[in-house]
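Under UniProt numbering, the residue at position 133 of the sequence shown is numbered 133, and the numbers go up by one with no gaps.
Below is one structure, written out as structure tokens, with a few remarks after it.
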Amino acid sequence: MTTRGENAARRRLRYRSDSELELDLSWFGATDVGHRRDTNQDSFVTIAPVFAVADGMGGHSAGEVASAAVVRRIAELGGSKQVTDADLDAVLADAVEDIELDAGDTELGAGTTVTGVFLSTEDEPTWRVFNIGDSRVYQYFKGALSQITVDHSVVQHLIDTGAITPEEAETHPHANVITRAVGFGEAAVPDYTSLALIAGQRLLICSDGLTKELTDVGIQHFLATCETAEEAASMLVKQALDNSGRDNVTVIVIDVHAVGDVVDTGLVEAPGLNTDDFDDTSTSSKKRSGDEEE
């Protein structure tokens with residue numbers, strides 16, 4: 001497990017070096033090895049304007065090497081005034097070379113997922129969201145949870161083609177097989193999407209150690225009811241461990257307090273949510289036992 005940056009912070013940032021627009025952000029990153037793994041092969045980076053989670057895979061410590069390589073390279077973009085898709089592509093290409101040098105001769109090879117966000121160079125306040133593999137980015141805003149990334153996995157492909165339902169995917173024999181990764185000697189090809197950056201927004205970046213254990217309903221419950229990024233991240237990890245903790249679990253929660261003239265908006269609001277409605281917070285049926293890749 002490797003981390004880069006302050007796992008807990010609140011900062012006022014310029015949106016871009018040539019912009020008068022200011023942002024007021026707070027964030028918190030948390031990780032745990034879980035109950036069934038000997039090592040934590042997840043890594044994360046929280047150095048504005050870049051935030052990312054990587055979930056390594058491979059025999060022995062190869063996954064830890066792979067996720068650490070990606071996080072170290074992405075951390076090079078931290079503190080930058082502007083980050084572009086090309087910048088991220090370049091550091092991921094460097095990470096592939098690092099992984100090959102450090103763990104390329106392992107029997108199973110080495111690779112990692114990666115997902116995260118960085119501040120865009122677009123004129124309007126925008127997050128740039130990226131992902132490779134099945135780690136995810138979610139947005140919680142005005143009482144609604146949205147999954148922003150699309151998994152690169154066998155079961156996601158089957159869902160997209162109508163071959164199986166999302167419910168069937170949870171117990172599918174290939175539920176743990178991803179179709180894209182950083183490493184294994186292949187080019188890293190992230191998907192990118194833009195997401196409006198809005199005051200009152202809460203973002204979640206997570207490894208699948210969280211989504212194995214909590215449904216979207218459960219995730220929404222904690223994002224809605226926890227007052228701070230720290231509380232939300234800590235409670236999500238705790239609930240994943242309480243539910244089973246079958247895998248390493250890593251989360252970053254980012255709160256957008258203000259955009260423009262920095263005026264504290266207070267807590268992220270959660271209108272229209274009744275905690276009595278949330279009685280299904282686990283996904284105990286999702287089968288990943290025996291998975292040695294993540």
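Where a beta carbon is used, it is the ideal one built from N, C-alpha and C, also for glycine.
Small disclaimer: the values here were computed from a predicted structure and weren't measured.
DSSP bridge partner residues for residue i (one or two, in chain order)
{"i": "Gln147", "result": "Tyr138"}
{"i": "Asp24", "result": "Arg12, Ala258"}
{"i": "Cys206", "result": "Arg136, Val251"}
{"i": "Arg128", "result": "Phe118, Ser194"}
{"i": "residue 295", "result": "Residue 295 is absent from the model: the chain starts at 1 and stops at 294."}
{"i": "Ile178", "result": "Ser153"}
{"i": "Met57", "result": "Gly111"}
{"i": "Thr31", "result": "Thr250"}
{"i": "Glu186", "result": "Gly183"}
{"i": "Gly5", "result": "Thr46"}
Burial state of residue i (16 or more Cβ within 10 Å)
{"i": "Ala224", "result": "buried"}
{"i": "Pro173", "result": "exposed"}
{"i": "His221", "result": "buried"}
{"i": "Glu64", "result": "buried"}
{"i": "Lys212", "result": "buried"}
{"i": "Arg12", "result": "exposed"}
{"i": "Gly245", "result": "buried"}
{"i": "Gly162", "result": "exposed"}
{"i": "Asp38", "result": "exposed"}
Spatial distance of residue i from residue j (CA atoms)
{"i": "Thr3", "j": "Val53", "result": "9 Å"}
{"i": "Ala188", "j": "Ser80", "result": "22 Å"}
{"i": "Ala144", "j": "Glu20", "result": "30 Å"}
{"i": "Glu22", "j": "Ala258", "result": "8 Å"}
{"i": "Gly34", "j": "Asn40", "result": "8 Å"}
{"i": "Gly272", "j": "Val50", "result": "Summary for Gly272: the model assigns pLDDT 33, below 50, so the residue's position carries little reliability; its value from the coordinates is reported in the next sentence. The straight-line gap from Cα to Cα measures roughly 31 Å."}
{"i": "Glu76", "j": "Val91", "result": "8 Å"}
{"i": "Pro125", "j": "Leu108", "result": "42 Å"}
{"i": "Val129", "j": "Ser120", "result": "9 Å"}
{"i": "Thr171", "j": "Asp89", "result": "34 Å"}
{"i": "Val154", "j": "Asp18", "result": "43 Å"}
{"i": "Asp276", "j": "Asp216", "result": "Because Asp276 sits at a pLDDT of 36, beneath the cut-off of 50, its placement in the model cannot be relied upon, and the following sentence gives the value as read from the coordinates. C-alpha separation (whole angstroms): 16 Å."}
{"i": "Ala229", "j": "Gln201", "result": "11 Å"}
{"i": "Val137", "j": "Gly260", "result": "24 Å"}
{"i": "Gly78", "j": "Gly5", "result": "8 Å"}
{"i": "Arg36", "j": "Asp87", "result": "36 Å"}
{"i": "Ala103", "j": "Gly218", "result": "36 Å"}
{"i": "Glu100", "j": "Met57", "result": "14 Å"}
{"i": "Met1", "j": "Asn248", "result": "10 Å"}
{"i": "Trp127", "j": "Asp24", "result": "14 Å"}
{"i": "Phe141", "j": "Cys226", "result": "13 Å"}
{"i": "Gln239", "j": "Arg16", "result": "37 Å"}
{"i": "Ala30", "j": "Ala175", "result": "25 Å"}
7 Å Cβ cutoff met for residue i and residue j
{"i": "Val237", "j": "Asp32", "result": "yes"}
{"i": "Ala199", "j": "Val114", "result": "no"}
{"i": "Ala110", "j": "Ala181", "result": "no"}
{"i": "Asn131", "j": "Asp191", "result": "yes"}
{"i": "Ala66", "j": "Thr112", "result": "yes"}
{"i": "Asp242", "j": "Ile178", "result": "no"}
{"i": "Ile74", "j": "Val45", "result": "yes"}
{"i": "Ser26", "j": "Arg10", "result": "yes"}
{"i": "Leu214", "j": "Gln139", "result": "no"}
{"i": "Thr250", "j": "Asp123", "result": "no"}
{"i": "residue 304", "j": "Phe28", "result": "Missing from the structure shown is residue 304; the chain here goes from 1 to 294 and no further."}
- Query: How about the segment 157–169 and the segment 62–71: do they share at least three Cβ pairs that are nearer than 8 Å?
  - Reply: no
- Query: Between the segment 230–246 and the segment 163–174, do three or more beta carbon pairs fall short of 8 Å?
  - Reply: Taking 8 Å as the limit for Cβ pairs, the verdict is that the segment 163–174 does not touch the segment 230–246.
- Query: Does the segment 195–205 come close enough to the segment 129–148 that 3 or more CB-CB pairs lie under 8 Å?
  - Reply: yes
- Give a yes or no on contact between the segment 81–88 and the segment 200–209, applying the rule of three or more CB pairs nearer than 8 Å. no
- Message: Does the structure place the segment 89–98 close enough to the segment 176–187 that three or more beta carbon pairs sit under 8 Å?
- Response: yes
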